[in-house]
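J.: The sequence shown runs 398 to 696 under the numbering used here. We put the CB at the ideal spot given by N, CA and C, even for glycine. Since the model is a prediction, treat every value here as computed from it, not as a measurement.
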Amino acid sequence: MRRKLKSALFSTLMLSGFFFLSGVIEGAVGAFSIVVLFFAAVGNFLYGIPVSFLSDHLTRKLMKSRFIVAGFIHLLFGFLTAFVIEGLGIFAGVCSLLFFLFEELQRKNRSQFKVNRKTIFINGIITICLFSLGIYGLLHFMGTDSEKETNQIYLIPSGYEGSIVVYYDVSKEPPLKKEGKFSVIPVKVENLEALADTDIEQYGITLTSSPMNDEGATINDKYYYVDETGKRTEIDQYCTSYGTNGSFSADDEKEIQYTTLQITKTDCSEQFYLKGKDIYHTQLDEVQNHWMNKLLEEN
Numbered sequence: 398m399r400r401k402l403k404s405a406l407f408s409t410l411m412l413s414g415f416f417f418l419s420g421v422i423e424g425a426v427g428a429f430s431i432v433v434l435f436f437a438a439v440g441n442f443l444y445g446i447p448v449s450f451l452s453d454h455l456t457r458k459l460m461k462s463r464f465i466v467a468g469f470i471h472l473l474f475g476f477l478t479a480f481v482i483e484g485l486g487i488f489a490g491v492c493s494l495l496f497f498l499f500e501e502l503q504r505k506n507r508s509q510f511k512v513n514r515k516t517i518f519i520n521g522i523i524t525i526c527l528f529s530l531g532i533y534g535l536l537h538f539m540g541t542d543s544e545k546e547t548n549q550i551y552l553i554p555s556g557y558e559g560s561i562v563v564y565y566d567v568s569k570e571p572p573l574k575k576e577g578k579f580s581v582i583p584v585k586v587e588n589l590e591a592l593a594d595t596d597i598e599q600y601g602i603t604l605t606s607s608p609m610n611d612e613g614a615t616i617n618d619k620y621y622y623v624d625e626t627g628k629r630t631e632i633d634q635y636c637t638s639y640g641t642n643g644s645f646s647a648d649d650e651k652e653i654q655y656t657t658l659q660i661t662k663t664d665c666s667e668q669f670y671l672k673g674k675d676i677y678h679t680q681l682d683e684v685q686n687h688w689m690n691k692l693l694e695e696n
């Protein structure tokens, strides 16, 4: 137990000391190193020590492979904390490595058997590889979570110009079909009575029971004009203007989400891509008022 307490103390002081010295060098010593000291101590003493005992129990009958298996167990449990503390999982991984190395150093000093340089070198390489794989896996996990993409294909009737609204989580409406990793959004063009006899009477609409993919998402959508034969013609990005996402709730607190965009065929430009067109914003307000009232009544 004394050996493990020393290992926990060493790894805690090493990590917090690194941030303290970094602050001294940069001339900005602050409370961050104290915060690191506190959380590292909690993790090492309350989590690291039990993991170390578990490692001893699982590897007690191993001989040549004990170092490798023990290192794997320490690093595995260190990086698993990323599922709870997310981005701070890297610090937990570093602590688990320091804990393990100091544990092994004390074990070596007390051992009656000498370890040759070749074994030390091989074990060191294996430890570095295990730690590198842990960092890679953690960064990949974090990247996968933070780099979600919308991945939607909009199929728009050929030649249409104006605003488009897509409503998600609408009961009794069909789910979106898939093309590989992309969800296909078939846009219908309808007439709005409130805008009758104007240039913006026609608007685009899609209703689906599928949920909206917008949590931490990067927009990776594709837009196509589709003629009567089903032939697709890709729309240039400067002919599109991504709008806003939002939601509203009915009396039963069921939430309906929506996203908006604008499409043009004659005014494609960077200005349109960034800001859209004022007349389409006016159209969009009328369309949303119409459909929000209608969906609230139906749901």
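Roughly how many whole angstroms lie between the Cα atoms of residue 543 and residue 599?
T.: For the purposes of this step, residue 543 is identified with residue 146 of the sequence shown, where counting begins at 1. For the purposes of this step, residue 599 is identified with residue 202 of the sequence shown, where counting begins at 1. Caution applies to residue 543, whose pLDDT of 48 falls short of 50 and renders its modelled position unreliable; the value that the coordinates give is listed next. Straight-line Cα distance between these residues: approximately 37 Å.
J.: Given that a residue counts as buried once 16 or more other Cβ atoms are within 10 Å of its Cβ, and exposed if not, what is residue 454?
T.: The residue you call residue 454 lines up with position 57 of the sequence shown. Label assigned to residue 454: exposed.
J.: Apply the 10 Å Cβ neighbour rule to residue 568 and answer buried if 16 or more other Cβ atoms are within range, or exposed otherwise.
T.: As a first step, residue 568 is located in the sequence shown; it is residue number 171 there, counting from the start. Exposed: under 16 other Cβ atoms inside 10 Å.
J.: What is the DSSP secondary structure of residue 671, reduced to helix, strand or coil?
T.: Taking the sequence shown and counting its residues from 1, the one referred to as residue 671 is at position 274. Residue state, collapsed to three classes: helix.
J.: Residue 674 and residue 682: beta carbons closer than 9 Å?
T.: Locating residue 674 in the sequence shown gives position 277, counting from the first residue. Locating residue 682 in the sequence shown gives position 285, counting from the first residue. Going by C-beta atoms, residue 674 is not nearer than 9 Å to residue 682.
J.: Can you list, in chain order, the residues of its chain with a C-beta nearer than 7 Å to that of residue 573? Leave out the 5 residues immediately preceding and following it.
T.: Your numbering for residue 573 matches position 176 in the sequence shown. 580, 581, 582, 605, 607, listed in sequence order.
J.: Grab the span of the beta strand (DSSP E) containing residue 586 for me, first residue to last.
T.: Locating residue 586 in the sequence shown gives position 189, counting from the first residue. Its beta strand (DSSP E) spans residues 585-588.
J.: Please determine, among 491, 584, 407, the residue with the shortest C-alpha to C-alpha distance to residue 524.
T.: Counting from one through the sequence shown, the residue named residue 524 turns up at place 127. The shortest Cα separation from residue 524 among 491, 584, 407 belongs to 491.
J.: Ordered along the chain, which non-local residues of its own chain (more than five positions away) have a Cβ less than 8 Å from that of residue 596?
T.: The count along the sequence shown starts at 1 and reaches residue 596 at position 199. Correct list, in chain order: 676.
J.: Please return the same chain residues whose Cβ sits closer than 8 Å to the Cβ of residue 687, not counting the five positions on each side in sequence.
T.: As a position in the sequence shown, residue 687 is number 290, starting the count at 1. Contacts found: 589, 591.
J.: Could you check which residue in 594, 554, 560, 628 has the C-alpha nearest to that of residue 640?
T.: Taking the sequence shown and counting its residues from 1, one reaches residue 640 at position 243. The residue with the shortest Cα to Cα distance from residue 640 is 560.
J.: Identify every residue that forms a DSSP beta bridge with residue 571.
T.: As a position in the sequence shown, residue 571 is number 174, starting the count at 1. Partner(s): none; residue 571 has no beta bridge.
J.: Among 442, 586, 644, 551, which one has its Cα closest to the Cα of residue 732?
T.: Lying before the first or after the last residue shown, residue 732 is absent from the chain, which here runs from 398 to 696.
J.: Whole angstroms is fine: what's the gap from residue 565's alpha carbon to residue 658's?
T.: Numbered from 1 along the sequence shown, position 168 holds the residue referred to as residue 565. Numbered from 1 along the sequence shown, position 261 holds the residue referred to as residue 658. Those two C-alpha atoms are separated by around 15 Å.
J.: Residue 582 by DSSP, collapsed to three states: which one?
T.: Counting from one through the sequence shown, the residue named residue 582 turns up at place 185. Looking at residue 582 - three-state DSSP - the assignment turns out to be strand.
J.: How close, in whole Å, do the beta carbons of residue 703 and residue 408 come, if the pair is a contact with beta carbons under 8 Å?
T.: Nothing about residue 703 can be reported from this structure: the residues present for the chain run from 398 to 696 only.
J.: Going by CA-CA distance only, name the one from 402, 603, 630 that's closest to residue 438.
T.: On the sequence shown, residue 438 is found 41 positions in, with the first residue counted as 1. Minimum Cα distance to residue 438 is reached at 402.
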